[in-house]
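Q:
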Amino acid sequence: MRKILGVLLLVFCLSGAYGQGSFSGDLQLNTEFYQSDSSIGATGTPHYDDLLSSAYGWLSTFYRNDQYGIEAGVRFDMFNNSNLHDPGIPYTDAGIGRWYISKKIDALRITGGHIYEQFGTGIVYWSYEERPLGIDNALYGLEIEYALNENWTVKVLGGQMKNLFSRFDPVLKGGTVEGFIPTKNQQITVAPGLSFINRTLDQDNMNIIVGQINSYELEDRFVPKYNMYAGSIFNTLTIKDFSWYAEYALKSHEAINDISGQLVDENGSVIYTSLSYSTSKIGNGFGVTGQLRIVDNWVMRTSPNETLLDGFIDYLPSLTKQNSLRLTARYQAVAQQLGEFAYQINATFTPKKGYNFNANFSKITNDSLDLFQEIIVDFEMRKPNYKLLLGGQLINYNQEVFENEPDRPIVKTITPFAELTYKFSRKKSMRVELQYQNCKQDFGSWVYGLVEYNIAPKWSFALSDMWNYEPLRTEEALHYYSVFTGYTHKSSRFTLNYVKQIAGIVCTGGVCRFEPAFSGLKAGMITTF
Amino acid sequence: MKILSNNNLTRLLFAGSIFFMFSACEEVGPAINLTDTDYVTYLETPEAAQDKVVLIEDFTGAACPNCPDGHIVVADAIENYPGKVVAMAEFNFPSDPLYIEQNMVTSEALDLNGYLGPVSAWPAMFIDRKDFGADGELEELPENVASIMATQVTLSSPVNIYIENTYDAVTRILNTKVIVKYTSAIASINNLSVSLTESGIVAAQIDDNAGGEVEDYIHNHVLRKFLTFFSGDLLPEENTAGRVYEFEYTYTLPENWNADNMYVIAFVHNNDTDSREVLQCAERKVGE
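Those protein sequences? They're chains B and D, same order as listed.
When the first sequence is numbered by the working numbering, its final residue is 529 and no position is left out of the sequence of numbers.
When the second sequence is numbered by the working numbering, its final residue is 288 and no position is left out of the sequence of numbers.
#1: From this set, Asn-385(B), Thr-365(B), Asn-358(B), which residue's C-alpha is nearest Ile-375(B)'s C-alpha?
#2: Listing by chain order, which chain B residues have their CB less than 8 Å from the CB of Tyr-115(D)?
#3: Quick one, are the C-beta atoms of Glu-433(B) and Glu-419(B) less than 8 Å apart?
#4: Please confirm whether Ile-3(D) has its beta-carbon closer than 8 Å to some beta-carbon of chain B.
#5: Ordered along the chain, which non-local residues of its own chain (more than five positions away) have a Cβ less than 6 Å from that of Glu-143(B)?
#6: Does the Cβ of Met-206(B) have 16 or more other Cβ atoms within 10 Å, making it buried, or fewer, making it exposed?
#7: Given a threshold of 16 other Cβ atoms within 10 Å of its Cβ, counted over all protein chains shown, does Met-104(D) qualify as buried or as exposed?
#8: Around the Cβ of Ser-303(B), are there at least 16 other Cβ atoms within 10 angstroms (buried) or fewer (exposed)?
#9: Flag Gln-561(B) as yes if its beta-carbon sits less than 8 Å from any beta-carbon of chain D, otherwise no.
#10: What do you reckon, are the CB atoms on Lys-321(B) and Asn-297(B) nearer than 8 Å?
#11: Please list the residues of the stretch 209 to 243 of chain B that have a C-beta atom closer than 9 Å to any C-beta atom in chain D, keeping them in chain order.
#12: Could you tell me the distance, in whole angstroms, from the CA atom of Gln-393(B) to the CA atom of Gly-25(B)?
#13: Select from Ala-282(D), Phe-91(D), Ala-150(D) the residue whose C-alpha is nearest the C-alpha of Leu-223(D).
#14: Could you tell me which whole beta strand (DSSP E) segments of length 3 or greater appear in the stretch 327 to 396 of chain B?
#15: Just to confirm, are Asn-396(B) and Asp-370(B) a CB contact at a threshold of 8 Å?
#16: In the DSSP output, what is Leu-67(D) paired with across the bridge?
#17: Taking 8 Å as the threshold (beta carbon to beta carbon), is Gln-262(B) in contact with chain D?
#18: Would you report the Cα separation of His-269(D) and Glu-140(D), rounded to the nearest angstrom?
#19: At a cut of 8 Å, does the stretch 58 to 74 of chain D reach the stretch 255 to 265 of chain D through at least three beta carbon pairs?
#20: Below 8 Å on the Cβ atoms is my guess for Val-159(D) versus Thr-176(D); work out the distance and round it to an integer in Å.
#21: Taking only beta-carbon atoms, is Glu-27(D) less than 8 Å away from chain B?
#22: Counting only C-beta atoms, is Ile-32(D) closer than 8 Å to chain B at any point?
#23: Shortest alpha-carbon distance to Asn-267(B) belongs to which of Ser-280(B), Thr-289(B), Asn-227(B)?
#24: Just the chain D side, please: which residues come within less than 7 Å of Gln-203(B) by C-beta, in chain order?
#25: What is the DSSP secondary structure of Gly-211(B), reduced to helix, strand or coil?
#26: When you compare only the Cα positions, how much space is there between Phe-417(B) and Phe-372(B)?
#27: Classify Asn-546(B): buried if its beta carbon has 16 or more other beta carbons within 10 angstroms, exposed otherwise.
#28: Using a beta-carbon distance below 8 Å, is Asp-131(D) in contact with chain B?
#29: Check whether the stretch 175 to 186 of chain B touches the stretch 212 to 219 of chain B, taking contact to mean three or more Cβ pairs, one atom from each stretch, closer than 8 Å.
#30: Roughly how many whole angstroms lie between the Cα atoms of Lys-423(B) and Arg-382(B)?
#31: Around the C-beta of Leu-4(D), are 16 or more other C-beta atoms found within 10 angstroms, so that it is buried, or is it exposed?
#32: Would the beta-carbon of Ser-460(B) fall within 8 Å of that of Gly-449(B)?
#33: Do Gln-344(B) and Leu-316(B) have their C-beta atoms closer together than 8 Å?
#34: Given a cut-off of 8 Å, decide if Ser-276(B) and Ser-243(B) are closer than it, judged by their beta-carbon atoms.
#35: State yes or no: is the beta carbon of Thr-273(D) nearer than 8 Å to at least one beta carbon in chain B?
#36: What's the C-alpha gap between Asp-265(B) and Phe-222(B)?
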């Protein structure tokens, strides 16, 4: 690692000597103080019993010199009893979490180090970072990118997926060709693409797989493959106000875990398509988008021995609306890699400036099993000194499948919501949220309220309470409240948040995981330079 | 400095990426047991436990100069603990096939390297397939064998094993019956492995102790063949105290194997992902 830092330092120094470059960076730091609260289930883990606090942060620095086509970066990661990667289990380590160096030579760009990359929509391959969920799926290896001409690009890469400060042992190689076919008539465009990925298992992972398979009944045994091949073909066709995206992905058969955790030899496929229409000729704007995704045994990991969010090499987000309000986001559908039939339709209508209607319907099934259904409509009105959002949501949520809780009924919720932002002056504003969730299953019904007062550009204060006023899982009607303060100074923001947070599925960017309840104080800082 | 023109580079990239993708579409794959062995199972009153018999496996090779060190510690263990040690010399040294024509490398010994290792240095000693160093590695150096054996032979075993052989010297057909009797309940996944070894094989060996090649080196306990799958056959029932399994195997010995020097070895071992531990081992001469 010292050598790596030395090389990067050399690049920074030499580039500084020979040309003008730019140096930038950012720091994100979070600290959590744990206060045990057995009434909400925030207790009994090392953090609440003994450790009492945790901290984690990332310091990123980048250097860019366009004159010499050089780009380099290094990021220091720190995790002190961190609760981030596997909630409830403390993790401590620190070191270089990412480094990379990149050089452009005419139409060729070569990059080495930790690489974030995406093929198509990410169904076949997407190495990415999602800090709130502790995900850092960078590829540690080499990438070559070549612009064949102004419309076509080829990328080839190879390496291993990052695993905190080490790497998963299997190796990856892959490539993508993406292009754009212009037409004389500018109203029609075509953007096709093709991508491949090949993952080869290491001997240690294969030994575990072989040991498992040899312990099965004869009819369940099979010869597992070291190599998995996956590829996809995709295209975006745009004709006037219509845009149609279609992607078909296939992967070769390999050992994957079925729903019971037993290894099975399956190939996989994904069909994904979206069709959208938008025009300014209807009212002040109208748009409708339909999406369909059919998933069949699409498990893309470094090896079947990895669990939870570990070792993913693709990106398969939930195909439902990503809601931001607290109660409307309470039940979210995790993408079902083993199989799902999912579709959603979203329509937006702006009859005149300042008025906007949205409607979304989504449904996910697996064979004959209903997994998720959501209908959500809202109306937004914007005036010079206030903004009002009114809406309602209906959800059917299969808790048995999404949260692996046996014998749970389908959760059905009705959630009306309102949000009002009022500007007292150019600097001072207040935002109020009110949500009610009627539910006869799971935890029962909820009321949520939030009052936020902002003094731009520095201060922000918020009080919120999520009240389980008709409890079904607890004897008492519990309050999950939060007191928040934020302060911004130039490019730095500091936050303090005292939180009582209920256990549940937490999604970021469509990627979801179960998180236990939290009780305590969260302090955060973000700064850029 | 332009070494490659754009067109040449484009072709090179395409060719390279396609080669990367499809250079190895076919693969042999790991060894999976795709056959089942018939067995008889029943429950009886649990019998008294046998004394523990320790299995020493020695990853070795005729072209491996240090490997005679492993042979020496195996011979010492057998001498020090008579009747309580069973040995298997598993020839899987990479250079052996290049060294002697009639080499003793078996596909099963090569598979065992993947199953118990893989090891990067020979000789590698496995004592009851246990991780004594708690380092995640099952193999031990020859110099550690004596101290480990002193403890291992004092342990008890939850399984009794009996071997009954019938051998016809004319047809060279060997019938082996292995009876496994649990004396205590075992929750882990257990396999039964049954193998044939041969001693007294005279063949060349590179021996650093002797200063080079020894043409008439005597090789003992050489693994010849597994009658089960190399990682064993599953003992699939609930293995409570009193559980009995009876397995029967028939095998015709090749002409170049000396039946008088051959042994049937049977051992019951864990087959969990985190444990391969041998619970009990037994050995019986082919003609007995």
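For each residue, glycine too, the CB sits at the ideal point set by N, CA and C.
A: If we stick to the structure as given:
#1: Asn-358(B)
#2: Asn-207, Val-210, Gly-211
#3: yes
#4: With a pLDDT of only 43 at Ile-3(D), under the threshold of 50, the placement of this residue in the model should not be trusted, and no figure is reported.
#5: Thr-111, Ile-115, Leu-157
#6: buried
#7: buried
#8: buried
#9: The question about residue 561(B) has no answer, for chain B in this structure spans 1 to 529.
#10: no
#11: Ile-209, Val-210, Gly-211, Gln-212, Ile-213, Asn-214, Ser-215, Tyr-216, Glu-217, Leu-218, Arg-221, Phe-222, Val-223, Pro-224, Lys-225, Tyr-226, Asn-227, Tyr-229, Gly-231
#12: 41 Å
#13: Phe-91(D)
#14: Taken in chain order, the unbroken stretches of beta strand (DSSP E) that lie wholly in the stretch 327 to 396 of chain B and span 3 residues or more are 339 to 349, 355 to 366, 369 to 383.
#15: Yes.
#16: The sequence given here has Cys at residue 67(D), not Leu. BP columns for Cys-67(D) are empty, so no partner.
#17: no
#18: 18 Å
#19: no
#20: The pair is not a contact, with the Cβ atoms about 18 Å apart (cut-off 8 Å).
#21: yes
#22: yes
#23: Asn-227(B)
#24: Gly-114, Pro-118
#25: Helix.
#26: 20 Å
#27: The first residue shown for chain B is 1 and the last is 529, placing residue 546(B) beyond what the model contains.
#28: no
#29: no
#30: 12 Å
#31: Unreliable placement is indicated for Leu-4(D), whose pLDDT of 45 sits below 50; the coordinate value is still reported in the next sentence. When all chains shown are included, Leu-4(D) counts as exposed.
#32: Going by C-beta atoms, Ser-460(B) is not nearer than 8 Å to Gly-449(B).
#33: no
#34: yes
#35: yes
#36: 7 Å
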